Amino acid sequence: MEIVERKENPLLDRVELSFVWDHPGKPTPSLAEMIEASAKSEPGSDKKLVFVKNVNTRFGMSRTTGLALVYGAEDSASIEPNYVSERHKLEENTEENESTESPQETEEAEIPEEEGES
Numbered sequence: 028m029e030i031v032e033r034k035e036n037p038l039l040d041r042v043e044l045s046f047v048w049d050h051p052g053k054p055t056p057s058l059a060e061m062i063e064a065s066a067k068s069e070p071g072s073d074k075k076l077v078f079v080k081n082v083n084t085r086f087g088m089s090r091t092t093g094l095a096l097v098y099g100a101e102d103s104a105s106i107e108p109n110y111v112s113e114r115h116k117l118e119e120n121t122e123e124n125e126s127t128e129s130p131q132e133t134e135e136a137e138i139p140e141e142e143g144e145s
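Under the working numbering, residue 145 is the last one in the sequence shown; the count climbs by one each step, no gaps.
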């Protein structure tokens, strides 16, 4: 991921990152991947306070552009519309579920014999 423009917005307590992501031979990066890369590019940021918007991949090209908003505090992030916040919360929940899932053990439980059967 390459940061094309970095703009500090002190009034809203956020940093606005315009990015370009070249991904030849790979699918469009997921929202979780874009959030993680944006958080890494801004030192001291929290993934929960990163919102990715305006993601666009042109047909036939392996280049994605977008805008990442990195907030400094939860109070500042509350100005984001509810649907954007919910979308990012859903992405966090699916990411957590994938990391905590473990293969289920398939052990057969012993069935106790009933008394009186011979």
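A virtual CB, placed ideally from N, CA and C, is assigned to each residue, including glycine. Note that the coordinates shown come from a computational prediction; the quantities given were computed from them, not determined experimentally.
Hey, out of Glu29, Leu44, Met28, whose CA is closest to Glu35's CA?
Looking at the Cα atoms, Leu44 is the closest of the given residues.
Going by DSSP, what residues sit across from Gly93 in a beta bridge?
Answer by DSSP bridge pairing, in chain order: Phe46.
Beta-carbon proximity check, Gly93 vs Trp48, cutoff 9 Å
Gly93 places its beta carbon less than 9 Å from that of Trp48.
Take Lys80 as the anchor and find which of Glu107, Pro51, Ser89 has the nearest alpha-carbon.
Ranking Glu107, Pro51, Ser89 by Cα distance to Lys80 puts Glu107 first.
Where does Ile30 fall in DSSP's three states?
DSSP places Ile30 in strand when its eight states are reduced to three.
Nearest candidate by alpha-carbon position, reference Ser105, set Thr84, Asn83, Lys75:
For the residues Thr84, Asn83, Lys75, the minimum Cα distance to Ser105 belongs to Lys75.
Span of the alpha helix (DSSP H), counted from its first residue to its last, around Lys67
Start and end: 58-68.
Could you tell me if Leu38 is buried or exposed, where buried requires 16 or more neighbouring beta carbons within 10 angstroms of its beta carbon?
With fewer than 16 other beta carbons inside 10 angstroms of its own, Leu38 counts as exposed.
Please report the straight-line C-alpha distance between Pro51 and Arg90, rounded to a whole angstrom.
Going by the C-alpha atoms only, they are around 8 Å apart.
Below 9 Å between beta carbons: does that hold for Ala100 and Ser65?
Against a cut-off of 9 Å, the Cβ pair of Ser65 and Ala100 comes out as no contact.
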